[in-house]
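Those protein sequences? They're chains Y and B, same order as listed.
1 is the number of the first residue of the first sequence in the working numbering; add one for each residue after it.
1 is the number of the first residue of the second sequence in the working numbering; add one for each residue after it.
2 protein chains.
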Amino acid sequence: MSTQHPFDKALALQHSDIRVGHFTGATSPDYWNMVGPFGGATAAIALQSVMQHPDVLGTPIALTVNFAAALEAGAFDVQATAVRTNRSTQHWTVQITQPGAGGAPNMTTTATVVTAARRETWSQSDMPMPEAPRPGTVERLSVGPAGVAWLDQYEMRLFGGSIPAKWDASLHHSESRLWLRDAQARPLDFASLAAMSDVFYPRVWLRRAKHVPAGTVSITTYFHAGPAQLAEVGTGYLLGRAVGQQFFNGFFDQTAHLWSEQGALLATSNQIVYYKE
Amino acid sequence: MSTQHPFDKALALQHSDIRVGHFTGATSPDYWNMVGPFGGATAAIALQSVMQHPDVLGTPIALTVNFAAALEAGAFDVQATAVRTNRSTQHWTVQITQPGAGGAPNMTTTATVVTAARRETWSQSDMPMPEAPRPGTVERLSVGPAGVAWLDQYEMRLFGGSIPAKWDASLHHSESRLWLRDAQARPLDFASLAAMSDVFYPRVWLRRAKHVPAGTVSITTYFHAGPAQLAEVGTGYLLGRAVGQQFFNGFFDQTAHLWSEQGALLATSNQIVYYKE
Chain Y
1 MSTQHPFDKA LALQHSDIRV GHFTGATSPD YWNMVGPFGG ATAAIALQSV MQHPDVLGTP
61 IALTVNFAAA LEAGAFDVQA TAVRTNRSTQ HWTVQITQPG AGGAPNMTTT ATVVTAARRE
121 TWSQSDMPMP EAPRPGTVER LSVGPAGVAW LDQYEMRLFG GSIPAKWDAS LHHSESRLWL
181 RDAQARPLDF ASLAAMSDVF YPRVWLRRAK HVPAGTVSIT TYFHAGPAQL AEVGTGYLLG
241 RAVGQQFFNG FFDQTAHLWS EQGALLATSN QIVYYKE
Chain B
1 MSTQHPFDKA LALQHSDIRV GHFTGATSPD YWNMVGPFGG ATAAIALQSV MQHPDVLGTP
61 IALTVNFAAA LEAGAFDVQA TAVRTNRSTQ HWTVQITQPG AGGAPNMTTT ATVVTAARRE
121 TWSQSDMPMP EAPRPGTVER LSVGPAGVAW LDQYEMRLFG GSIPAKWDAS LHHSESRLWL
181 RDAQARPLDF ASLAAMSDVF YPRVWLRRAK HVPAGTVSIT TYFHAGPAQL AEVGTGYLLG
241 RAVGQQFFNG FFDQTAHLWS EQGALLATSN QIVYYKE
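In structure tokens, the structure reads:
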């Protein structure tokens, strides 16, 4: 098992009776962020609990994850419940809890997932991939010993909107563009696509060149791919773009897009982020 | 009570013990759509159940509503539950049900709401309001007897991306721009802002000039305003913009922005929509 990919280790869920949708897992040191797990890993776990459920219908369409509290290092419980199954769509609620003081569960995360049995239809994009240099020509982000663990799990090559080299409170536009894939090769799946939708550092840091406290409160990701489109990517790069929209009294939103290297828009994602000052 | 605004009638919720967060209401004929209520009205009801709860902390930041099934005309139950209260944020889950066959509740809608006690901070926009003609110079959308009821509740003045006059399968860009307010004057509040985030007709109709079956599956709205910003709008116009992003095998997403006439971005919203063919 020593060759298991760190992401698969982070996603590993145990169950006693899978049909009730109750799973247990443990936070991964490989995807640790400052004061809790990387939110993208938590989002992936919420999605994974649904995808592993024997009752799941089709593939994911929409995922919303609300980060109610940082998970503490250690074990957690996941409850995935299919609350409505239609002919071609299915609605799930997910809650991640940890044992709290006095044994009462501590609610850390709520999520909703919509899955669907897709059919082939007319398809089109109104959001073309931006112009980009080839991945090999862009310098890889080096994280170094001061970095947080989860950043080491991704190969990121930013060609616009890099994290400010100086926190000099100069004002910038809040857009970043990068090439992105797992640092250790792993074929793209819905869980990793969900996680990669959350790799973009808080736009407020870029916008203000100021390292204020910030953390995602809620993220929503829409999936625009089936298994065939993910298989086409395999272990290849995604092109990611993220930009802030509105910064207002302690919260801002940022929107993100992830394309395959061939230009297919695979996921669109939005999040609202707390910030201080 | 005959002077009560139709939106306030649609939002009216009764409760026996408000602290348990259980409310009852009834669908409004004024906001009826083709096969169920206007989704914006349902989203507003989900939000309203939280805002009416005596335990609510602050004002809404994020709202996700999943339309699991169309509500039938008549009574419904709403359960709003605060699952986590932090120092400055609060996380809610909401479920709307109707009595089903054999008395088992029929899950029609799930939602999550995040509220927060905002503090004044540095604020800025990276999404300026588009250029627009004055509202008075733009023709008002006339709905007529063939229209669906909820459209009559809004004054909409489109100046780009009107609903195609001919379903001739010609291809268009999927962006619409309009001035928007309640047809019957009503000061803007969070509930009406939530509803207005869903007024944009399915982008697939515009994109394809083809009237295919389509319906919102899930909508997420972020609020970028406090009571003072809403009061500044009062009964004035909002500028709305919506555009499709990716259309893929039966589902597409559209993103929407709502600015005050003075140019403040009050809400950003995204939805994923089912479509046929």
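All C-beta atoms, glycine included, are put in the ideal place defined by N, C-alpha and C.
Among the options, nearest to residue i - alpha-carbon criterion
i, options, result
"Leu230 of chain Y", "Y:Asp168, Y:Ala26, Y:Gly263 and Y:Arg203", "Y:Gly263"
"Tyr31 of chain Y", "Y:Val114, Y:Ala43, Y:Arg118 and Y:Phe23", "Y:Ala43"
"Gly250 of chain Y", "Y:Thr216, Y:Gly236, Y:Ala185 and Y:Ser260", "Y:Thr216"
"Pro182 of chain Y", "Y:Arg157, Y:Pro202, Y:Val212 and Y:His172", "Reading off the sequence, residue 182 of chain Y comes out as Asp, not Pro. Comparing Cα positions, the closest option is Y:Arg157."
"Trp167 of chain Y", "Y:Thr97, Y:Val233, Y:Lys210 and Y:Leu206", "Y:Lys210"
"Val78 of chain Y", "Y:Thr110, Y:Val273, Y:Pro60 and Y:Thr85", "Y:Thr110"
"Tyr201 of chain B", "B:Ala214, B:Thr97 and B:Pro6", "B:Ala214"
"Arg207 of chain B", "B:His173, B:Leu193, B:Thr220 and B:Asp198", "B:His173"
"Leu71 of chain B", "B:Gln95, B:Arg203 and B:Phe7", "B:Gln95"
"Leu57 of chain Y", "Y:Val113, Y:Gln245, Y:Gly236 and Y:Glu261", "Y:Val113"
"Asn270 of chain Y", "Y:Ser218, Y:Met51, Y:Ile61 and Y:Gln90", "Y:Ser218"
"Ala12 of chain Y", "Y:Gly36, Y:Val212, Y:Phe38 and Y:Gln48", "Y:Gln48"
"Glu261 of chain B", "B:Leu180, B:Ser170 and B:Phe248", "B:Leu180"
"Thr255 of chain Y", "Y:Val212, Y:Ser176 and Y:Glu277", "Y:Ser176"
"Ile61 of chain B", "B:Val233, B:Thr220, B:Gly103 and B:Leu178", "B:Thr220"
"Ala195 of chain Y", "Y:Gly40, Y:Pro6 and Y:Phe7", "Y:Gly40"
"Thr81 of chain B", "B:Gln246, B:Pro133 and B:Pro54", "B:Pro54"
"Asn33 of chain B", "B:Val212, B:Val148, B:Val243 and B:His224", "B:Val148"
"Pro227 of chain B", "B:Arg119, B:Leu239 and B:Arg241", "B:Arg119"
"Trp259 of chain Y", "Y:Leu193, Y:Leu151 and Y:Ala68", "Y:Leu193"
"Ala155 of chain B", "B:Thr97, B:Val199, B:Ala75 and B:Ser28", "This sequence places Glu at residue 155 of chain B; Ala is not what is there. For Glu155 of chain B, the nearest C-alpha among the options comes from B:Val199."
Residues bridged to residue i [DSSP beta-bridge criterion]
i, result
"Ile219 of chain Y", "Y:Val65 and Y:Gln271"
"Arg177 of chain Y", "Y:Gly160 and Y:Arg241"
"Leu265 of chain B", "B:Trp259"
"Pro60 of chain Y", "Y:Thr115"
"Trp92 of chain B", "B:Ala82 and B:Val113"
"Thr97 of chain B", "B:Asp77 and B:Met107"
"Asp182 of chain B", "B:Tyr154"
"Ser192 of chain B", "DSSP, once it has assigned bridges, lists no residue as partnering Ser192 of chain B."
"Asp253 of chain Y", "Y:Ile272"
"Ser125 of chain B", "Y:Gln246"
Local conformation of residue i per DSSP, three classes
i, result
"Tyr31 of chain B", "helix"
"Phe248 of chain B", "strand"
"Val212 of chain B", "coil"
"Phe76 of chain Y", "strand"
"Ala149 of chain B", "helix"
"Ala26 of chain B", "strand"
"Gln229 of chain Y", "helix"
"Arg140 of chain B", "coil"
"Gly236 of chain B", "coil"
"Arg134 of chain B", "coil"
"Arg279 of chain B", "In the structure as shown, chain B starts at 1 and stops at 277, and residue 279 of chain B therefore has no counterpart that could be examined."
"Trp205 of chain Y", "helix"
"Gly102 of chain B", "helix"
N- and C-terminal bounds of the beta strand (DSSP E) containing residue i
i, result
"Gln48 of chain Y", "Element bounds for Gln48 of chain Y: not the beta strand (DSSP E) but the alpha helix (DSSP H), Gly39 to Met51."
N- and C-terminal bounds of the alpha helix (DSSP H) containing residue i
i, result
"Phe19 of chain B", "Note on identity: in this sequence residue 19 of chain B is Arg, with Phe being the wrong assignment. Looking at the DSSP string, Arg19 of chain B is not in any alpha helix (DSSP H), and its letter there is neither H nor E."
"Leu11 of chain Y", "Pro6 to Leu11"
*With 8 Å as the C-beta to C-beta threshold (strictly closer), list the residues of the region 61 to 85 of chain Y near chain B in chain order.*
Ile61, Ala62, Thr64, Asn66, Ala68, Ala69, Val83 and Arg84
_Within 7 Å of chain Y by C-beta, residues of the region 105 to 138 of chain B in sequence order_ = Met107, Thr110, Thr112, Val114, Ala116, Arg118, Arg119, Glu120, Thr121, Trp122, Ser123, Gln124, Ser125, Asp126 and Met127
*asked:* Against chain Y, which members of the region 15 to 31 of chain B pass a CB distance test of less than 9 Å?
replied: none
*asked:* Closer than 9 Å between beta carbons: that is the criterion. Which residues of the region 214 to 228 of chain Y meet it against chain B?
replied: Val217, Ser218, Thr220, Tyr222, Phe223, His224, Ala225 and Gly226
_Output needed in chain order: residues of the region 228 to 248 of chain B with a Cβ under 9 Å from some Cβ in chain Y._
Gln229, Val243, Gly244, Gln245, Gln246, Phe247 and Phe248
*Can you list, in chain order, the residues of the region 177 to 201 of chain Y whose Cβ is nearer than 9 Å to any Cβ on chain B?*
none
*For the region 149 to 177 of chain Y, which residues have a CB atom closer than 7 Å to at least one CB atom of chain B, in sequence order?*
His173 and Ser174
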